[in-house]
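Protein chains in written order, with our numbering: chain A, 17 to 330; chain B, 48 to 573; chain C, 148 to 246; chain D, 326 to 511.
Cβ atoms here follow ideal geometry from the backbone N, Cα and C, with glycine treated the same way.
All values derive from a computational prediction rather than experimental measurement.
In what follows, a single structure is set out as C-alpha cells and then discussed.
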Ligand code: HEA
Ligand code: HEA
Ligand code: CUA
Ligand SMILES: [Cu+2]
C-alpha cells in the first residue's frame, strides 16, 4: 500500500510541501485540542479535589484575542502560499508546446501540433513545458493527473488550459474528475512522457507526408460517417451505448448471455438480427456488403478503443 | 397541573393535525429518522460495491443513482431539517418561555410541505432514479441525464419552502416571544445558533430554489438557460447552486454547535466560556459563510481573481469556528465534568468537527485544492463535519433532551457504548478516504484501479460498524418508552428554561409564564 | 396624503426621464448608469415613503438591509468572475472543433 | 412581513444575477434583443404599476384613519390597475410569440438573443405570478375592509398587503430598465 502518489514535476513537489505544512499545523492543533480536552476531563472530573478559582476577565480577553488572531495569521499564511502555486499553475510559459485535447463521454482525444491524433493517450516530451488546450463536446469533464497534482475542468464550447512540465519520462494515469455520467469512472487515459528524442521519433512514426490516422481513428470517422453515431452516440439513443462493449457480457433478448468478442461484434454489425440485445428493438440495418473488410476492422479497433468490459461474470 | 402534551389525545388525527410545536417536532423526528435510514441504506449498498475494484454488485447506472439519492436525502431531507426542525421545534418555545411558535399553523404546514417534497423525491427515486449527483451540474443535468431529474429537483424545491417557513417562524418567534427578562444577552446559545441558521435559510434558500427551477424550465420547456451552445454558461449554474449550498453547510453545522454548547456547559457545570464570543461567532459564520461559495469552483473555469478572493475568505470563515472550538475546550477548565452519554457525543463532535474543519483548510488552499478537488479527500472532509460532527451532535442532543421529550431515562450504559462504537466506526470509515483522495481517487467512481482497494475495504468495514452503531439508539430509545415517566424536571441539573417545567412538558409548556432574572448558564442560581 | 401624491409625481417624472434617456442613445456605460440610478431613486422613494421604511422599527430596517446586502453579495461575487475572466474565456461560438 | 419580503428579494435576486452575468458576457446581443421589446407598452405598464402603488399607499392611510369604505375603494382601484397591468402584459406576450420570440427551438434569432428572451419570460413570468397573488391578497384586504365598515381596527392585513404590493412594484422598477431600456448596442 502506498501513501503518496509519485510526484513527477516541480509543481507536484511544491503542492506536497504546502500540504505537509498544513498537515503539520493541523496535526499540532488537533492534538493540542484533543490533549487538552482529555487532560481537563481527568483533572476537573466531578468530585476531583482540584481547586477551581474563578477566571479573571482580562485572562478571558487575552485568551480570546490569542485564538482569534493566531488562526487568522496562520490562515493568511496558507492563503498566500496556496495562491502562489495557483497563479503559477494558471500561467503557462509562452514557449509551451500546445496539444489540443477534446473530451467526449467517455474518452479523451488529443492532437499533437504536428497533427497526429490519439485516443486515451497523450504523448508529451519530458523536461519541456506543455500546454493543453482543452474543450468538451458534451458535458463538463475534468483532466486530472494525480502525479502532477493538477486538474482542470473541461467545458463544452469553451477553452480551458492546463500546463505542466513533466520531469521524468514515464506513464502517468489521467482520470476524469468531474462527474460526467454512466462511465465517468472509465474515462481514464495515460499521459506518456518520453525523452525528447523518443518523442520526436514517436511523432514521425507515421511518416513524413503528414499524419495518417491510426486504425482506431479511421474507425471513429467511419462510425460518424456511416451514421452509427446517430443511434449509438449517447445513452438513451436507439441503440445500446457501445462504451466498454468489447469484451463485456451481453444479455440477449432470448435470455442468453454471450461474450462480446470480435466474432460477436462483427456479427452484430454485419447481421444485427442474429443476436438481439435485450431491451432493444430489431431496427439496426445490416452492414453486410456495405463495409469493406478493412473498414470493419477499423471499426472494431475503434470499439475496442472505447474501452474493454470484463466478461468474467460469464 | 395541566395534561402533558403526550396525553392530549392519542389518535393519529390528534397528531397529524396538531399545532403543538412539541408534537410537530415528534412528527419531524419520525420523518427525519426514516430518511436517515433510507440514505444510510443507499450508502451501505454503494460501500459494498466499492469493496472490489470492479463493477460487480450494482451497475454503473445504479451506482450513480445511489449516490445521488444518498446525497440528496442526507442533505435536504435529513441533515438540514434534523436539528432545527426536531430539536429546535421542540425546544425554541420552551427555551424562550412561551407557549408555542409565533405561527403554529404555519409550523404544521411546513411539515406537510416537507413531506410532500420528500414524497416527490422518493417518487423520483422509485420511478427510476436520478444520476446527476446532488449538485445537479449543467449541462449534464439539463441535456444529458435521463431519469427523473425534474421530479427530484421539484422535491427539493418544495422542501426548500418548508425550510423557509420554519426559518421565518423561528426568526419572528425569537424576536417577539421571549419571556420577560430574557434579553438577547441571556439567550441560550442554542437559540442564538438557531437564529443565525434561520437567517441563512431565509436569505439563501430562494437562490437554490431558482437555480433548480431554471433546470426545470430548461428540461421541460426547452427554453435555454445554461446551454453552452447558445452562449449560456454552465459555470453560472454553479455560482447559483453554491451561493446556497455553501451557506447550507453552515445551516447544517450551526445548530449542531448550539447543541454542543448546551451539553458541554451542562456537563462541565460551568457557564460557556466567552459567551459573547460564542454567540457572536454564530453570526460571524452566518455572514462570512455567504462570501466563500466560489471555493467549490477553483478548477471550474471561474476567473483566477475570483479564485483568489474566495480562497482568502474561506480562510477567514474558519476563524469563528475556531473560536467555538477553543471556547468549548476552555469551558471544561475548572469545571465539574461528568461523562454521561450526551457529553460523550459532544466531545466526539468537538474532535471530529475539528479534524473535518482543519482538513477544510487543505481545500481552501488553492494549490492543494487543485489536486484534491473532486477526490475522496473532499468526501472525507465533509463526512467528518457532517457525520462526525453534525450527526454526533444531533444524537447527543436527542440523548440530552430525551428525558424532557419522553419523560423517561434511557439505559446510560447502552448509550455510552453506542457513542463509542459510532466514534470508532466513523473513523475507520472515513479516515482512509483522506489517503485515497490524496492518492488521486476521484469521487463518484463505481469502479477503480486496484491499487486503491485496501483503503476502500477498510472504509467499507468501518461503515458496517457505523451502521450497527446507529441501529443501537434506534432500539434502546424506543424501548425506554416502556419505562415509567420518572425522569423528573431537570435530571442533568441544567439551567435552561426548558428544564423548569415538567418532563414531558404540559401542552402550554409552563403552568405560569416564567420570568428570567438570571444570566445565561448561571449554575449558582439553580 | 400630499406626500404620497408628491412621491407619485416624482416617480412618474423619473420614469419619463429614463424613457427619454433611452431614446437619446447614450454610450452603453452611461445609459446603464443612468437607468440604474433612476431605478435606485425610484426604489428609495417607494421604500421610504410608500412602505414607510423611514419610520419603521429597527428589525424591519435590518431585514430590508440584509436582503439588499445579500443580493449585492450575490451579484458581486458572481459578476467579479465574469469581469475578470480573460478575453477568450467568455463562452465562444461553436466554431472549429477538433474531431 | 419584512422578513418574508427579504426572502422574496433573493428569489428575484438570483434571476437578476444570472441575467446580469449574461448581460455582461453578451452585451451586444442583449442590447439588440432589448431593442426588440415594445418600449411603449413597457413604459405604460410601469406607469400603471406606479400609480397602483399610489392608490395602495392611500388605502393603507385611509384604513388607518378608520375610513374603511374609502380604503376599500382605493383597494379596488389598485386591483383594477393590477388587472390592467396583466392585460397589457398578455398583449405583449402574444406579440412576442407572434414575432417568434418564444425562446423555444423555433426561436427567430441568434443564440444569445434566445437567452435574453428566456430570461425575459422567466423574470416577467415570476413577476406576473406575484401580481396575481397580489391581486388575490388585495381582494382579501378589500373584503375585510368592507366587513369592518363599522369603523373598527382594519388590522395588519391591509398593511401587509400594502407592503407586498409595493414590493412587487419595486421589482418591476428594476425589470423595466434592465429588459426594455438598455438597448444601445455600441
Ligand atoms: C456541515 C458541513 C460543512 C462545514 C461546516 C464545512 C466547513 C468548511 N469547509 Fe467544507 N464542504 C462541505 C461541508 C462542510 N464544510 C461539503 C458537503 C463539501 C462538498 C460538496 C460537494 O462537492 O459535494 C465541502 C467542500 C469544501 C470545499 C471544496 C472542495 C472541493 O470540492 O474541491 C472547500 C474548499 O475550500 C471547503 C472548505 C471548508 C472550510 C474552510 C470550512 C470551515 O468552515 C471549517 C472551519 C473549522 C475549522 C478550521 C476547525 C476549527 C478551527 C480551529 C481548531 C482553529 C484553527 C484554525 C485555523 C488555523 C484557521 N469545503
Ligand atoms: C448528512 C449527510 C450525509 C450523511 C449522514 C452521510 C452518511 C454516510 N455517507 Fe455520505 N455523502 C453525502 C452526505 C452524507 N453522507 C453527500 C452530500 C455525498 C455526495 C453525493 C454526491 O456526490 O452527489 C455523499 C457521498 C458519499 C460517498 C461517496 C460516493 C461517491 O462519490 O462515489 C461515500 C462513500 O463512501 C459515502 C459514504 C457514507 C457513509 C458510509 C455514511 C454513513 O454515515 C451512513 C451510516 C448509516 C447507515 C449505515 C444506516 C444504517 C442502516 C442500516 C444498518 C440498515 C441497512 C439496510 C440495508 C442495507 C437494506 N457518502
Ligand atoms: Cu468525464 Cu467524468
Ligand atoms: Cu463550501
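Keeping to the same chain, check which residues put their C-beta closer than 8 Å to that of residue i; ignore five residues upstream and five downstream.
| i | result |
| --- | --- |
| residue 439/D | 428, 432 |
I need the straight-line Cα distance from residue i to residue j, nearest angstrom please.
| i | j | result |
| --- | --- | --- |
| residue 470/D | residue 403/D | 14 Å |
| residue 272/A | residue 108/B | 22 Å |
| residue 226/A | residue 266/A | With a pLDDT of only 48 at residue 226/A, under 50, the local geometry of the prediction cannot be trusted, and the value read off the model is given with reservation. Using only the alpha carbons, I get a separation of about 40 Å. |
| residue 485/B | residue 410/D | 59 Å |
| residue 336/B | residue 209/C | 18 Å |
| residue 95/B | residue 424/B | 19 Å |
| residue 454/B | residue 60/B | 23 Å |
| residue 186/C | residue 219/C | 15 Å |
| residue 565/B | residue 233/B | 8 Å |
| residue 452/B | residue 55/B | 14 Å |
| residue 351/B | residue 204/A | 27 Å |
| residue 205/B | residue 77/A | 46 Å |
| residue 547/B | residue 145/B | 12 Å |
| residue 80/B | residue 518/B | 11 Å |
| residue 130/B | residue 378/D | 42 Å |
| residue 97/B | residue 494/B | 7 Å |
| residue 89/A | residue 100/B | 43 Å |
| residue 246/A | residue 231/C | 40 Å |
| residue 317/A | residue 235/A | 7 Å |
| residue 70/A | residue 561/B | 29 Å |
Can you name, in chain order, every residue of its own chain whose Cβ lies under 7 Å from the Cβ of residue i, other than the five neighbours on each side?
| i | result |
| --- | --- |
| residue 158/A | 167, 168, 169, 170, 192, 193, 194 |
| residue 369/D | 413 |
| residue 71/B | 65, 136, 154, 155, 158 |
| residue 508/B | 475 |
| residue 450/B | 456, 534, 538, 550 |
| residue 390/B | 310, 314 |
| residue 463/B | 388, 391 |
Return the bridge partner residues of residue i from the DSSP annotation.
| i | result |
| --- | --- |
| residue 169/A | 158/A |
| residue 57/A | In the DSSP output, where bridge partners are listed per residue, residue 57/A has none listed. |
| residue 217/C | In the DSSP output, where bridge partners are listed per residue, residue 217/C has none listed. |
| residue 195/A | In the DSSP output, where bridge partners are listed per residue, residue 195/A has none listed. |
| residue 180/A | 146/A |
| residue 138/A | 207/A |
| residue 483/B | Partner(s): none; residue 483/B has no beta bridge. |
| residue 187/A | 208/A |
Output needed for residue i: all residues of its chain with C-beta closer than 6 Å, excluding positions within five of it in sequence on either side, in chain order.
| i | result |
| --- | --- |
| residue 181/C | 168 |
| residue 409/B | 415 |
| residue 225/B | 143 |
| residue 50/A | none |
| residue 246/B | 333 |
| residue 397/D | 467, 470, 471 |
| residue 496/D | 337, 452 |
Exercise. Indicate whether the contact test is met: 3 or more Cβ pairs, each with one atom in the segment 282 to 301 of chain B and one in the segment 329 to 347 of chain D, closer than 8 Å.
Key: By the criterion of at least three beta-carbon pairs nearer than 8 Å, the segment 282 to 301 of chain B is in contact with the segment 329 to 347 of chain D.
* Would you be able to state if there are at least three C-beta pairs under 8 Å between the segment 373 to 387 of chain B and the segment 402 to 411 of chain B? => no
The segment 276 to 285 of chain B touching the segment 507 to 526 of chain B, judged by at least three CB pairs closer than 8 Å = no
Cβ contact check for the segment 177 to 188 of chain B and the segment 125 to 132 of chain B: 3 or more pairs under 8 Å: no
**Message:** Whether or not the segment 161 to 172 of chain B and the segment 473 to 482 of chain B are in contact is what I'm after, with contact meaning three or more pairs of Cβ atoms, one per stretch, closer than 8 Å; do they touch?
**Reply:** no
- Item | Contact the segment 129 to 144 of chain B vs the segment 238 to 253 of chain B: 3+ CB pairs below 8 Å | yes
- Task: Report yes or no: do three or more beta-carbon pairs, one from the segment 305 to 313 of chain B and one from the segment 433 to 451 of chain B, lie closer than 8 Å?
- Result: yes
**Prompt:** Hey, which residues come within less than 5 Å of ligand 3, measuring from Cβ to any heavy atom, in chain order?
**Reply:** Cβ-based neighbours of ligand 3 within the cut-off: 157/A, 192/A, 196/A, 200/A, 203/A.
Assess, as a yes-or-no matter, whether the segment 201 to 210 of chain B is touched by the segment 166 to 176 of chain B under the definition of 3 or more beta carbon pairs within less than 8 Å.
Yes: the two stretches touch, three or more of their Cβ pairs being nearer than 8 Å.
*Are three or more beta carbon pairs between the segment 208 to 217 of chain A and the segment 137 to 150 of chain A nearer than 8 Å?*
yes
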